[in-house]
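If you read the sequence shown in my numbering, its first letter stands for residue 994, the second for the next number, and so on. Where a beta carbon is used, it is the ideal one built from N, C-alpha and C, also for glycine.
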Amino acid sequence: MLSIKGIYDGKRVIPLETIHKKPNVKVIITFLEEESISNVFNNYAKEISARKAGTLQGKIHIKDTFDEPLDDFKDYME
């Protein structure tokens, strides 16, 4: 079972977290309490702003030959 936070805007539920599930699965939606949307968004914005940008800097490298044609497609490119 997976639980995620979200906001009901009167028409649909908007998830505030990434859902790592395949589409078209059954869900149960439980309304926990009346909390203003602004409070939920403010709390979520604080969580997002706490993330440090650039933590993968220098760890991802792209080869100089990245844009070169692939040998596998040589027949199609002639």
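Would you list the one or two residues that DSSP bridges to residue i?
i: P1008; result: G999
Just the Cα atoms here: how many angstroms apart are residue i and residue j?
i: A1001; j: V1020; result: Note on residue identity: the sequence assigns Tyr, not Ala, to residue 1001. Spanning the two alpha carbons is a distance of roughly 15 Å.
i: D1057; j: N1035; result: 43 Å
i: M994; j: L1025; result: 17 Å
i: G1003; j: V1033; result: 15 Å
i: I1041; j: L1063; result: 39 Å
i: R1005; j: Y1069; result: 47 Å
If we call anything under 7 Å between Cβ atoms a contact, is residue i one with residue j?
i: I1022; j: E1010; result: no
i: G999; j: I1007; result: yes
What residue range does the alpha helix (DSSP H) around residue i cover?
i: D1068; result: K1067 to M1070
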